[in-house]
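Undergrad: One structure, pasted below without further comment.
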Amino acid sequence: MRAQIENSGDLGRFVRRIRTDAGLSQRQLADALGTSQRYVSELEAGKPKRIDANYFDVLSKLGIVLSAENEPADG
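Each residue of the sequence shown is one higher than the one before, starting from 0 at the first, in numbering that gives the first Met the number 0.
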């Protein structure tokens, strides 16, 4: 699955979709990662999070890979 991520809300919706497709509750994902259900809930709600190891652990557990592209500026 592919999505264009332009803000924290886009990433949150993507995480939620992947998590629910995997049949995991927020609590199950949080428990598997040793984090809180609140952390997962806030991430899915698009609340800005500090990008740290915990943040990438959530993405990795769900098989989400982030990539970046550079589009040349017009002009």
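C-beta: ideal position from N, C-alpha, C; glycine also.
Could you spell out the range, first to last residue, of the alpha helix (DSSP H) harbouring Thr-19?
TA: Residues 7 to 20.
Undergrad: Using 8 Å as the threshold, is the region 61 to 70 in touch with the region 34 to 42, meaning 3 or more CB pairs across them?
TA: The region 61 to 70, when compared against the region 34 to 42, does not touch it at the 8 Å Cβ threshold.
Undergrad: What do you reckon, are the CB atoms on Leu-32 and Asp-56 nearer than 7 Å?
TA: The answer is yes: Cβ separation under 7 Å.
Undergrad: Quick check on the DSSP output: the alpha helix (DSSP H) that includes Lys-60 runs from which residue to which?
TA: First-last of the alpha helix (DSSP H) with Lys-60: 52 to 60.
Undergrad: Out of Ala-72, Glu-43, Ser-24, Arg-1, which has the shortest C-alpha to C-alpha gap to Gly-8?
TA: Measuring from the Cα of Gly-8, the nearest candidate turns out to be Glu-43.
Undergrad: Mind checking Gly-11: buried by the 16 CB within 10 Å criterion, or exposed?
TA: Buried, since its Cβ has 16 or more Cβ neighbours within 10 Å.
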